[in-house]
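Novice:
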Amino acid sequence: DGGITQSPKYLFRKEGQNVTLSCEQNLNHDAMYWYRQDPGQGLRLIYYSQIVNDFQKGDIAEGYSVSREKKESFPLTVTSAQKNPTAFYLCASDNQGARHTQYFGPGTRLTVL
Amino acid sequence: AQSVTQLDSQVPVFEEAPVELRCNYSSSVSVYLFWYVQYPNQGLQLLLKYLSGSTLVKGINGFEAEFNKSQTSFHLRKPSVHISDTAEYFCAVRGTGGGNKLTFGTGTQLKVEL
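Each protein sequence line maps, in turn, to chains Z and R. For the first sequence, this note's numbering assigns the number 1 to the initial residue and increments by one for each residue that follows. For the second sequence, this note's numbering assigns the number 1 to the initial residue and increments by one for each residue that follows.
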């Protein structure tokens, strides 16, 4: 089955620790995205990548970092500099071009203890 | 840049009743429009999208939406809802030019009651 996988489903971390969220897609999509979802705020774009070895900041990139070494993978690191990291994180992908549907993974819920 | 407004944060409705979830957008360029559904603790799934042509778009699960350019709206409707339609619904907009990002509304929680 083609799709997007995110792991883990639930993640707990202590304050001051970095943590990396995994996102893998086998849809052969060029572009990949990371969103953060908080109650009542919809989805906010953290980072996106349109091609391997290149990525751009979204609207709320501070405290996050990404890499895109392979077309299939787009991991997100939540660093200790992110002041309020507890949230639901969604990874998505699509083919380049505004008319293409963006597909989403199942999400990772990060809780900072 | 684009923006999306979903005025209703929650919409309660009885089973088998009709429902309309409102979406208005703002953009200085032509846009494509999308509705997504999210069930608890899951990712988003596309319900339908408007790219061009007929302004009435039919999607999955019996939903439809109508694009109204003059009112900059893209309201989602279903003539008869089911308990299983209980979920959060997001309207999204994207400029038709290359490189434009998808912009989401804040979501509408649809709660279907018996």
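Ideal placement from N, C-alpha and C gives every residue a C-beta, glycine not left out.
Do you know offhand how far Z:S67's Cα is from Z:P75's?
Specialist: In the first sequence, the residue the question calls residue 67 of chain Z occupies position 67. In the first sequence, the residue the question calls residue 75 of chain Z occupies position 75. When rounded, the distance between both Cα atoms is 6 Å.
Novice: For the structure I just gave you, are there three or more beta carbon pairs, one from the region 84-100 of chain R and one from the region 33-49 of chain R, closer than 8 Å?
Specialist: Yes, they touch.
Novice: Distance cutoff 8 Å, beta carbons only. Does R:Q42 sit that close to anything in chain Z?
Specialist: Indexing the second sequence from 1 puts residue 42 of chain R at position 42. So, interface residue.
Novice: List the residues that DSSP assigns as beta-bridge partners of R:G95.
Specialist: Within the second sequence, residue 95 of chain R is the residue found at index 95, counting from 1. DSSP lists R:V31 as partners of R:G95.
Novice: Which same chain residues, not among the five before or five after Z:R36, have their C-beta less than 7 Å away from its C-beta?
Specialist: In the first sequence, the residue the question calls residue 36 of chain Z occupies position 36. Within the same chain, Z:R36 has close Cβ partners R44, I46, I60, A87, Y89.
Novice: For Z:D30, which of helix, strand or coil comes out of DSSP?
Specialist: Here the question's residue 30 of chain Z lines up with position 30 in the first sequence. When DSSP states are grouped into helix, strand and coil, Z:D30 belongs to the coil group.
Novice: Report yes or no: is there a C-beta of chain R within less than 8 Å of the C-beta of Z:L110?
Specialist: Here residue 110 of chain Z corresponds to residue number 110 of the first sequence, with the count starting at 1. Closer than 8 Å: no.
Novice: Please state whether the Cβ-Cβ distance between Z:G42 and R:G95 is less than 8 Å.
Specialist: Taking the first residue of the first sequence as position 1, residue 42 of chain Z is located at position 42. Taking the first residue of the second sequence as position 1, residue 95 of chain R is located at position 95. No, Cβ-Cβ distance for Z:G42 and R:G95 is not below 8 Å.
Novice: Out of R:H82, R:S52, R:L48, which has the shortest C-alpha to C-alpha gap to R:E64?
Specialist: In the second sequence, the residue the question calls residue 64 of chain R occupies position 64. With distances taken between Cα atoms, R:E64 lies closest to R:L48.
Novice: Is R:R94 close to chain Z? Criterion is C-beta to C-beta, closer than 8 Å.
Specialist: For the purposes of this step, residue 94 of chain R is taken as residue 94 along the second sequence, with counting starting at 1. It does: the Cβ of R:R94 has a partner Cβ on chain Z nearer than 8 Å.
Novice: Kindly indicate if chain R contains any beta-carbon less than 8 Å away from that of Z:T87.
Specialist: Along the first sequence, one-based indexing puts residue 87 of chain Z at 87. Note on identity: in this sequence residue 87 of chain Z is Ala, with Thr being the wrong assignment. Not one chain R Cβ lies under 8 Å of Z:A87.
Novice: Looking at Z:Q82 and Z:G63, is the spacing between their C-beta atoms short of 8 Å?
Specialist: For the purposes of this step, residue 63 of chain Z is identified with residue 63 of the first sequence, where counting begins at 1. For the purposes of this step, residue 82 of chain Z is identified with residue 82 of the first sequence, where counting begins at 1. For Z:G63 and Z:Q82, yes; Cβs fall inside 8 Å.
Novice: Quick check on the DSSP output: the beta strand (DSSP E) that includes R:N68 runs from which residue to which?
Specialist: Taking the first residue of the second sequence as 1, we reach residue 68 of chain R at position 68. Under the DSSP assignment, R:N68 falls in the beta strand (DSSP E) whose first and last residues are 64-68.
Novice: Spatial neighbours of R:S3 within its chain, please: CB distance less than 6 Å, with the 5 preceding and 5 following residues excluded, ordered by chain position.
Specialist: Mapped onto the second sequence, residue 3 of chain R falls at position 3. The answer, listed in chain order, is S26.
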